[in-house]
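Data block below; observations after.
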Amino acid sequence: MSASQQQSDAELLRLMLAGDEEAFTALYRRRQGGVYRFALRMSGSEALAEDVVQETFMVLMREGRNFDPARGSVAAYLYGVARNHVLRAFERERALVPFDEETDDAADAPHESLVARPDPLGDLTRGEMVERLRLAVLALPPHYREALVLCELEEMSYAEAAAVLSCAVGTIRSRLHRARSMLAEKMRGRRDAEALEEKEAEAGSGDTAAGALRTARCFA
Amino acid sequence: MNCQDFENGIDSLARGALVDTGTREEASAHAEACTRCALRLADERALNEGLRALASKLKTAEAPASVESALLAAMRARAAAEVITESERVSRVLGGNGARVRSTHAQGARHGNVSTLAERAVARHWSWPKTVAAAALAAAAALTLFMLIPPGMSVPAPGKSSEVNAATAGQDEQSIARKDAARTPPPFERATSMPDGEVSPPFTPARAGKEVGRQAWNEAGRSLRAPLFTRATNRAVAVEAKFGTVGARGGSESRRGHVEGESSEEIATDFIPLMQGGRFTQAEGGRLIRIELPRSALASFGLPVNAEAAGGRVKADVLLGDDGLARAIRFVR
Numbered sequence: 001m002s003a004s005q006q007q008s009d010a011e012l013l014r015l016m017l018a019g020d021e022e023a024f025t026a027l028y029r030r031r032q033g034g035v036y037r038f039a040l041r042m043s044g045s046e047a048l049a050e051d052v053v054q055e056t057f058m059v060l061m062r063e064g065r066n067f068d069p070a071r072g073s074v075a076a077y078l079y080g081v082a083r084n085h086v087l088r089a090f091e092r093e094r095a096l097v098p099f100d101e102e103t104d105d106a107a108d109a110p111h112e113s114l115v116a117r118p119d120p121l122g123d124l125t126r127g128e129m130v131e132r133l134r135l136a137v138l139a140l141p142p143h144y145r146e147a148l149v150l151c152e153l154e155e156m157s158y159a160e161a162a163a164v165l166s167c168a169v170g171t172i173r174s175r176l177h178r179a180r181s182m183l184a185e186k187m188r189g190r191r192d193a194e195a196l197e198e199k200e201a202e203a204g205s206g207d208t209a210a211g212a213l214r215t216a217r218c219f220a
Numbered sequence: 221m222n223c224q225d226f227e228n229g230i231d232s233l234a235r236g237a238l239v240d241t242g243t244r245e246e247a248s249a250h251a252e253a254c255t256r257c258a259l260r261l262a263d264e265r266a267l268n269e270g271l272r273a274l275a276s277k278l279k280t281a282e283a284p285a286s287v288e289s290a291l292l293a294a295m296r297a298r299a300a301a302e303v304i305t306e307s308e309r310v311s312r313v314l315g316g317n318g319a320r321v322r323s324t325h326a327q328g329a330r331h332g333n334v335s336t337l338a339e340r341a342v343a344r345h346w347s348w349p350k351t352v353a354a355a356a357l358a359a360a361a362a363l364t365l366f367m368l369i370p371p372g373m374s375v376p377a378p379g380k381s382s383e384v385n386a387a388t389a390g391q392d393e394q395s396i397a398r399k400d401a402a403r404t405p406p407p408f409e410r411a412t413s414m415p416d417g418e419v420s421p422p423f424t425p426a427r428a429g430k431e432v433g434r435q436a437w438n439e440a441g442r443s444l445r446a447p448l449f450t451r452a453t454n455r456a457v458a459v460e461a462k463f464g465t466v467g468a469r470g471g472s473e474s475r476r477g478h479v480e481g482e483s484s485e486e487i488a489t490d491f492i493p494l495m496q497g498g499r500f501t502q503a504e505g506g507r508l509i510r511i512e513l514p515r516s517a518l519a520s521f522g523l524p525v526n527a528e529a530a531g532g533r534v535k536a537d538v539l540l541g542d543d544g545l546a547r548a549i550r551f552v553r
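As you go down the protein sequences, you meet chains A and B in turn. Mapped onto the working numbering, the consecutive letters of the first sequence carry residue numbers 1 to 220. Mapped onto the working numbering, the consecutive letters of the second sequence carry residue numbers 221 to 553.
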């Protein structure tokens, strides 16, 4: 393990601001993944996520001297900068993927219980379910989405998420609860709609079978 | 347990988090009795499963390596820019014997943009009265060059000398422009004129692949037309205004140096892009400033440094964007 890997984020930042490229590289490699995934999960766009990572670390280079350890960790600072960039991008582009804009293939896919099953068909179904869930997350309002992404997907504690989003822990808890309820509602609504379609299809095929039987009797 | 109590503890139940045995049994009993709450619990469990799968799906996702490379390049460029700024600061402290920064007023500052230390230094150095005076001198020098010392030209015929007299007598701008267009340009102009009558910069800028420098020079070339110098004889402010416009496209300083006769034999490197402010586009404004740097700065850009002259100084042109950030640099000899 190299010396830079043992150093804290704050120490690496100090060295980086003094012009130490190795410290910058170590800090970047340590934190870029989280920032990238956060931006990707918030936006659903790889290109935007790359831009956000670049801009975030550019801000760190330019304004890293303003970082105050008393107000939070370097990681929280980076997530906070990334979050601002993501929200600004949303304002600019308004290019979120609505939940209803699924592909026909996904909409027509059979929907089973969300519980995974150890068979290929089950894996396929689960993959589709995960994709559907991803789109549902993207369709959440941003302030609910960021709480969900940080706590559920990035596995941050409520306190860490609160530091990133500059709000109280209670706010994170309530936003997360609301986000989960909205997601569950969406997934349930989808499932109910599909169940209804299935029933209608079954009823239609029953009518067809009865008609065929009547026709056969006529010929008998 | 009622439905509200069940809802309050559903998250812990769905996640399988530690819940005391009594509460768990009560919740199970409620779920068996209440279909709605049973479905709600099933939904929550399914959602947890889905979120776990979604989290693991992108667990190892990272930004591409190109982002790291770009950031490292930006860091190096930033360090180089700081060297430049430091050089300017030291020169001001030493009374201007070191780096000499010459530029038009800070356009970025006028627009309320963030200005760099270098830009602020330029703004302090270059006041309006100085600008007007320098422009008047430049115009006078240009006029002298055009009228009195056209090297390689024969003595003008008596008829042509009247044009000169008319120009010096302060005729209106249109008639001067017409006559300027009619007469043969002196060698100075011929040597630098482009096919469409535009004047090229005094030395060759970036070649293919160096988009930044070429765009800046193309813009400078378009803006710099020969009649400007004669027309502006009685209008020093107009010259300054024009220089300001040209400066906004990058290139006024080099041209001014040419007019002043300081640097007609200059040789420059290609523009070296600096990643500090992103790509420089033609639509974007910008300024070119001339500075002097320690010769050792060449090494920062991967250029060879003569060890014997390493202690000396080298001139450089820095192309600044509207935001005041350095976009490209070239070294001049």
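Beta carbons are placed, not taken as given, at the ideal position from N, Cα and C, and that holds for glycine.
Simplified DSSP state of residue i, which is helix, strand or coil
i	result
phenylalanine 551 of chain B	strand
isoleucine 487 of chain B	coil
aspartate 20 of chain A	coil
glycine 506 of chain B	strand
glycine 532 of chain B	coil
glycine 433 of chain B	In this prediction, glycine 433 of chain B scores a pLDDT of 42, lower than 50, which makes its location untrustworthy; no coordinate-derived value is stated.
leucine 494 of chain B	coil
glutamate 512 of chain B	strand
glycine 544 of chain B	coil
leucine 233 of chain B	helix
aspartate 263 of chain B	helix
leucine 292 of chain B	helix
leucine 135 of chain A	helix
valine 184 of chain B	Limits of chain B in this structure are 221 at one end and 553 at the other, which puts residue 184 of chain B out of reach.
leucine 539 of chain B	strand
asparagine 526 of chain B	coil
proline 142 of chain A	helix
phenylalanine 226 of chain B	helix
alanine 283 of chain B	coil
alanine 251 of chain B	helix
aspartate 9 of chain A	helix
methionine 167 of chain A	Methionine is not the amino acid found at residue 167 of chain A; the sequence shown has cysteine there. Note: cysteine 167 of chain A maps to coil in three-state DSSP.
glycine 27 of chain A	This sequence places leucine at residue 27 of chain A; glycine is not what is there. Here leucine 27 of chain A sits in helix by DSSP.
leucine 518 of chain B	helix
glutamate 154 of chain A	coil
Contacts of residue i in chain B (Cβ-Cβ under 7 Å)
i	result
leucine 40 of chain A	Leu278, Ala281
glycine 19 of chain A	Ala299
alanine 75 of chain A	Those within 7 Å of alanine 75 of chain A in chain B number zero; the least Cβ separation is about 15 Å.
leucine 183 of chain A	Leu267
arginine 37 of chain A	Leu278, Ala281
Cutoff 8 Å: residue i Cβ touching any chain A Cβ
i	result
aspartate 263 of chain B	yes
glycine 270 of chain B	yes
proline 493 of chain B	no
proline 524 of chain B	no
proline 514 of chain B	no
alanine 293 of chain B	no
leucine 365 of chain B	no
valine 287 of chain B	yes
is_contact[residue i, chain B] using C-beta, thresh 8 Å
i	result
methionine 129 of chain A	yes
methionine 187 of chain A	yes
leucine 78 of chain A	no
arginine 14 of chain A	no
arginine 83 of chain A	no
Partners in chain B for residue i, counting only beta-carbon separations shorter than 8 Å
i	result
leucine 135 of chain A	By Cβ distance, chain B contributes nothing, its closest Cβ being about 11 Å from leucine 135 of chain A, past 8 Å.
arginine 180 of chain A	Asp231, Glu264, Leu267
Listed by chain order, chain A residues near residue i by CB distance under 8 Å
i	result
leucine 539 of chain B	What leucine 539 of chain B touches in chain A: nothing, since even the nearest Cβ is about 19 Å away.
Neighbouring residues, chain A, relative to residue i (Cβ below 7 Å)
i	result
alanine 290 of chain B	Gln54
Proximal chain B residues relative to residue i, where beta-carbon distance stays under 9 Å
i	result
arginine 126 of chain A	Glu269, Gly270, Ala273
* Asked: Quick one, which residues of the segment 51-71 of chain A are near chain B if we go by CB-CB under 7 Å, in chain order?
  -> Val53, Gln54, Phe57, Met58, Met61
* alpha helix (DSSP H) segments (min. 4 residues) lying fully within the segment 32-103 of chain A -> 46-63, 74-93
* Residues within the segment 22-34 of chain A neighbouring chain B, beta-carbon criterion of under 9 Å -> Phe24, Thr25, Tyr28, Arg29, Gln32, Gly33
* Asked: Which residues, in chain order, does the segment 141-173 of chain A contribute to contact with chain B at a C-beta distance below 9 Å?
  -> Leu148, Glu152, Leu153, Glu154, Glu155
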